[in-house]
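Student: Please read through the structure below; I'll follow up with questions.
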Amino acid sequence: MTDQQNAVDMSEHAPGRLGTPAVRTIGLSKWYGSVRALSEVNLEIYPGEVVALVGDNGAGKSTLVKALSGAFQPTSGEIHIDGAPARLHTPADARKLGIETVYQDLALVAHVDVGGNLYLGREPTRWGVIGRLFGILDLPAMSKHAERALAELKVTIPSVRSPVGTMSGGQRQATAIARTALWGSKLLILDEPTAALGVQESEEALQLIEDVAAQGIPLIVVSHNIEHIFRIATRIVVLRQGRLVADLDRGDTSPDEVVGYITGARTSAAVPADAGDDVDTAGSGPR
Amino acid sequence: MTKLDIESHARESRTPSSREATRAAQGPIGTFAGRIVREANLLIIPMILLIVALSFFSDAFFTGHNLTNILRTAAIFVILGVGQTFVITSKNIDLSIGSMMALVLCVTASLIIVQDWSPHLAVPFAIAMGAVLGVLNGMVVTKLKVPALLATLGGLIAYRGAVQEFMYGGQYVGLPEQILILGRGMWGPVPVPVAIAGFCVALGWLLFRYTRFGRYTVAIGSNEEAARRAGINVDRWTIGVFAFQGAMVGVAALVLMGRMNAANPNMGQLNELHVIAGVVLGGTLLFGGIGTILGTVLGLLFIGVLENGLLLAGAGFYWQQIFLGLLIILAVASQMLRIKLQGRH
Ligand SMILES: Nc1ncnc2c1ncn2[C@@H]1O[C@H](COP(=O)(O)OP(=O)(O)OP(=O)(O)O)[C@@H](O)[C@H]1O
Ligand SMILES: [Mg+2]
């Protein structure tokens, strides 16, 4: 599936990216006081893409991700979803529009079981109106659906009834990723999904990300691990000092080139300082 | 096992392995007794030992009269403890409940005695007044961002001052029959206060395990930031927790009023510490995220039996205070040990 995707992407004008992007940022900027964390970022993300967001510490990756997940409002610029401007004032707004985020620190509740965490904040109720009035949880349905969702992603967990606090880092990460996959329909954002994991656990998380990507929902993955990026990404976007300095197809670039953009050793004439909306040419620039 | 549990077991089609894992996680016995043992932090064992010892050493202990008396006394603390279990699970604490109970009690009594209110009106009034004061506590904690310990310490002092001012050093005596029943009546073989406490426990237990209210209480106490990111309105639910505690204070005030047949501004002093000791002893984690209603019941019964034993042994009120103080320390120390042993909680 992913291989086929790449084959398509590598062809001339990337027909996979025709049509309306699922998510698009236009001239997105963010100032923290006098610090410019994001500068005129134009990015289009299409269904089926796995976009790796890379850059040095302080490059603006988390800032971009937070803007997309509604954690704050950008100083200027717009975010479009399915071609229409979207108002993402709170994380709840973003989630309603189908954008789900796994934060660096996971945001799971240790004392609640796996099923409960998958449904946290949107638990189904039972017994009709009365159940909705009193918030009576449909625990059997939560467990059952959680089990099914995890099975679909081939996540192995002793029981969806065990509290997240009793599980390994990898299992927690899997739970967090499964939660985004369960609810996200437009965009899934993973901030450093493998940063805290061991070799075996990273492997499982990458596998999980590939499985999620195979469902066709676009993903943004923030990572510092070049090897992992080249394994899962279909596209690599480099931020440097708040600017989008490179937008590369995975099959078209190399780790050296990416590192060059990250460190600033390499610059791309194809991405002007105040890039227009011509992001695709940026991708073909270094070819 | 409750009906809910049976249903959930029947309706779920789990794989054998996951069913086994679940059973393992629940301990050797998935029965009601097993649940009590699990939830109550093994408190049941010292309690049984204590009861056995007491019935050995004192003829007065194992009489129906004395046991009923223990239950009657414990009933009020249990009602308060149901609310406090939610508060502590949400990583908060409510020190104001003793003073608040006195305030609700005296205001309600004055409405009945001075304003000639019908008890049928006074009962919902007391519960509503408690809830409103609870909302006030919750607002101070969530909106003014005052830590619960200090916010409700302020409440402890201010509500006590308010009730002293309101009563002006006096007290009311002689309440109508309908109120007395709440503290002294019998419902068949069951004392009415015990039945009321039983109802509150059942309500609290169901809310805790089977509703959003309980789930979010745990989530907020366990990881407030995660709860917020999951879209849970943390402030609103926290205020709800304090309001629920307040409503329980209202119920307890009515029972106490009926039991004492009086309203006195000094009532309820130190009750908050008695209740918190029982809740923590019962297994509710002082650092939030874990709570157990049944454990609270056992913890408070344990303290009740212990105090009764001290009384029968001829120890006075001051000795009871010393023991209560030691118990609080013991309860917290045992939790610290438990956390240390388990690594993560
Ligand atoms: N809350 C804030 N207040 C002020 N400046 C901030 C704030 N958050 C981020 N910045 C600044 O914005 C810039 C971009 O930060 P950002 O967190 O987006 O970087 P990043 O690419 O995620 O880095 P890392 O790889 O270290 O996570 C940095 O210069 C940072 O110092
Ligand atoms: Mg970051």
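Going line by line, the protein sequences match chains A and B. The numbering used here numbers the first residue of the first sequence as 1286 and each following residue consecutively. The numbering used here numbers the first residue of the second sequence as 6 and each following residue consecutively. Don't be surprised by glycine CBs; every beta carbon is placed ideally from N, CA and C.
1. Using CA atoms only, rank isn't needed, just tell me which of B:221, B:276 and B:216 is closest to residue 1411 (chain A).
2. Would you say the beta carbon of residue 1346 (chain A) comes nearer than 6 Å to a heavy atom of ligand 1?
3. Which of helix, strand or coil does DSSP assign to residue 1433 (chain A)?
4. Using a cut-off of 9 Å between C-beta atoms, extract the partners of residue 1359 (chain A) located in chain B.
5. Taking CB distances under 7 Å as the criterion, tell me whether residue 238 (chain B) reaches chain A.
6. Using only the alpha-carbon positions, how far apart do residue 72 (chain B) and residue 178 (chain B) sit?
7. So, is residue 279 (chain B) buried or exposed, given that buried needs 16 or more other C-beta atoms within 10 angstroms?
8. Can we say the region 158-165 of chain B touches the region 220-229 of chain B, given the rule of at least three CB pairs closer than 8 Å?
9. Please identify, using Cβ separations under 9 Å, the residues of the region 179-212 of chain B that lie next to chain A, in order along the chain.
10. Measuring straight from C-alpha to C-alpha, what distance separates residue 199 (chain B) and residue 77 (chain B)?
11. Quick one: what's got a C-beta closer than 7 Å to residue 1473 (chain A)'s C-beta in the same chain, skipping five residues either side?
12. Can you tell me the Cα-Cα spacing of residue 267 (chain B) and residue 166 (chain B), whole angstroms?
13. Would residue 51 (chain B) be called buried (16 or more neighbouring beta carbons within 10 Å of its own) or exposed?
14. What are the boundary residues of the beta strand (DSSP E) that residue 1361 (chain A) is part of?
15. For the structure I just gave you, are there three or more beta carbon pairs, one from the region 1478-1495 of chain A and one from the region 1448-1464 of chain A, closer than 8 Å?
16. Which residues of chain B have a Cβ atom closer than 8 Å to the Cβ of residue 1457 (chain A), listed in chain order?
17. Does the beta-carbon of residue 123 (chain B) have 16 or more other beta-carbons within 10 angstroms, so that it is buried, or is it exposed?
18. Given this structure, state the Cα-to-Cα distance separating residue 234 (chain B) from residue 67 (chain B), to the nearest angstrom.
19. What do you reckon, are the CB atoms on residue 284 (chain B) and residue 93 (chain B) nearer than 7 Å?
20. Using DSSP with H/G/I as helix, E/B as strand and the rest coil, what is residue 99 (chain B)?
21. In three-state DSSP terms, what is residue 1312 (chain A)?
22. So if I threshold CB-CB distances at 8 Å, which residues from the region 1398-1414 of chain A count as touching chain B?
23. Apart from the five residues on each side of it in sequence, which residues of its chain come closer than 7 Å, Cβ to Cβ, to residue 1356 (chain A)?
24. Measure the C-alpha to C-alpha separation of residue 1491 (chain A) and residue 276 (chain B) and round it to an integer number of angstroms.
25. Please determine, among B:139, B:108, B:128 and B:134, the residue with the shortest C-alpha to C-alpha distance to residue 97 (chain B).
26. Would residue 262 (chain B) and residue 114 (chain B) qualify as a contact pair, given that the criterion is a beta-carbon distance under 7 Å?
27. Please determine, among A:1417, A:1354 and A:1309, the residue with the shortest C-alpha to C-alpha distance to residue 1374 (chain A).
28. Assign residue 1325 (chain A) to one of two classes, buried (16 or more other C-beta atoms within 10 Å of its C-beta) or exposed (fewer than that).
29. Against chain A, which members of the region 292-305 of chain B pass a CB distance test of less than 7 Å?
30. Which residues of the region 216-229 of chain B have a Cβ closer than 8 Å to any Cβ of chain A? Give them in chain order.
31. Go ahead and pull the three-state DSSP assignment for residue 173 (chain B).
32. Please indicate yes or no: does the CB of residue 1355 (chain A) lie closer than 6 Å to some heavy atom of ligand 1?
33. Just verifying my parser: in three-state terms, what is the DSSP assignment at residue 1407 (chain A)?
34. Please work out which residues of its chain come closer than 6 Å, Cβ to Cβ, to residue 341 (chain B), disregarding the five sequence neighbours upstream and downstream, and give them in chain order.
35. Out of A:1339, A:1343 and A:1336, state which residue places its alpha-carbon closest to the alpha-carbon of residue 1322 (chain A).
36. My guess is that residue 202 (chain B) and residue 112 (chain B) are in contact by the Cβ rule of under 8 Å, so how many angstroms apart are they, rounded?
Tutor: Taking the coordinates as given:
1. B:216
2. yes
3. helix
4. Near residue 1359 (chain A) there are no residues of chain B at all, since even the closest Cβ is about 19 Å away, more than 9 Å.
5. no
6. 27 Å
7. buried
8. no
9. 211 and 212
10. 6 Å
11. 1385, 1465, 1466, 1497, 1502 and 1504
12. 19 Å
13. exposed
14. 1361-1366
15. yes
16. Ordered by position in chain B, no residue passes the 8 Å Cβ test against residue 1457 (chain A), which lies about 11 Å from the chain.
17. exposed
18. 53 Å
19. yes
20. coil
21. strand
22. 1401, 1405, 1406, 1407, 1408 and 1410
23. 1376
24. 55 Å
25. B:139
26. yes
27. A:1354
28. buried
29. 294 and 295
30. 216, 217, 218, 220, 223, 224, 226, 227 and 228
31. coil
32. no
33. coil
34. none
35. A:1343
36. Between residue 112 (chain B) and residue 202 (chain B) the Cβ distance is about 23 Å, and since that is not below 8 Å, they are no contact.
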